[in-house]
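In our numbering, the protein residues as written are 6 to 285. Working notes for the structure below.
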């Protein structure tokens, strides 16, 4: 009976968004969504990129749920994709929930994939894979943020599963792969000084482009003025990788947004002011 109920309530949402450069401008070329995922297309701020916003209408994910997201930008296109709100990952009775995101950026294109945070509740089981595929001189900014528990309710995360994996592929060659994997007893890893050191949230920010290494020092300078967080950054093989840790989710979110703003302005001359959703 329990197995039958779990199969009944599990959901499999999907979204596909593709932008292409046509008649001198970036335009939406493909749009598909399936419950509980929806895609909104609000008007961008003046001087900014076309934007797509993903919404999870179910209000969060439980064990057994799955989301598949496919984002792409054709040659010469430039666009931004984000999410409407934080993704909540609820306690699981056993099965994992999965979020698989595939981002494809073709030659001459610029794409930003910057979702808002995922909040993992006590006892939740999350497997998330973000695969970034770039061709030629494509450029990309991408990020993910994890919040451990609901601080406003005094919740701490002591058990569950968090697997957060990245793959970056350039011209068919794997350039970088990374996975955070914590299973069962999460409390020790989150508290250990050689682990998360008591952090309540963490974030990863990537900039993939041929000039990635040249952006490193300026980004480190920008990170020095951020309060309440620890930031580390490195660059190699056309990839700039930034890690952010902080005791409070708000501080990590602020740093994540500030460094994203810095990168998009420095690398592409885009406005530092982020989408309105990020001001809520």
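For each residue, glycine too, the CB sits at the ideal point set by N, CA and C. These numbers were taken from a predicted model, which means no experiment stands behind them.
Burial of residue 145 is indicated by the presence of at least 16 other C-beta atoms within 10 angstroms of its C-beta. Rounded to the nearest angstrom, the gap between the Cα atoms of residue 30 and residue 108 is 20 Å.
According to DSSP, residue 166 shares a beta bridge with 130 and 188. Pairing residue 57 with residue 19 gives a Cβ-Cβ distance that is not under 8 Å.
Residue 180 is not a Cβ neighbour of residue 76, given a cutoff of 8 Å.
Beyond the five residues adjoining it in sequence on each side, residue 41 comes within less than 6 Å, by CB distance, of 16, 18, 61, 62 and 63 in the same chain, given in chain order.
Apart from the 5 residues on each side of it in sequence, residue 142 sits with its Cβ closer than 7 Å to the Cβ of 112, 113 and 215 in its chain, given in chain order. In the three-state scheme derived from DSSP, where H, G and I count as helix and E and B as strand, residue 155 is classed as coil.
Sequence-distant Cβ neighbours of residue 138 in its own chain, meaning closer than 6 Å and more than five residues away, are 109 and 174. Beta bridge pairing from DSSP links residue 212 with 146 and 245. The beta carbon of residue 217 lies closer than 7 Å to those of 240, 243, 244 and 245 in the same chain, with the five residues before and after it left out. Short of 8 Å from the beta carbon of residue 100, and not among the five residues preceding or following it, lie these beta carbons of its own chain, in chain order: 11, 15, 68, 69 and 130. With the rule of 3 Cβ pairs closer than 8 Å, the stretch 120-130 does not count as touching the stretch 230-240. Pairing residue 211 with residue 147 gives a Cβ-Cβ distance under 8 Å. In the three-state reduction of the DSSP assignment, residue 73 falls in the strand class, which pools E and B. Between the alpha carbons of residue 98 and residue 21 lies a distance of about 30 Å. Between the alpha carbons of residue 197 and residue 91 lies a distance of about 26 Å.
Per DSSP, residue 108 is not a residue of any alpha helix (DSSP H); the beta strand (DSSP E) it occupies stretches across 102-110.
Positions of the beta strand (DSSP E) runs, each at least 3 residues long and wholly inside the stretch 42-98, are given as 42-45, 56-61, 71-78, 83-88 and 92-94 in order along the chain. Between the stretch 147-166 and the stretch 186-194 there are three or more C-beta pairs closer than 8 Å, enough to call the two in contact. Spanning the alpha carbons of residue 208 and residue 248 requires a straight line of approximately 6 Å.
For residue 229, the enclosing alpha helix (DSSP H) begins and ends at 221-229. Per DSSP, the continuous beta strand (DSSP E) segment holding residue 17 begins and ends at 17-27. In the three-state scheme derived from DSSP, where H, G and I count as helix and E and B as strand, residue 267 is classed as helix. Per DSSP, residue 281 is not a residue of any beta strand (DSSP E), being assigned neither H nor E.
Linking residue 231 to residue 255 through their CA atoms gives a straight-line distance of about 12 Å.
Here residue 183 is exposed. Its C-beta has fewer than 16 other C-beta atoms within 10 Å. Secondary structure of residue 135 (DSSP, three-state): strand.
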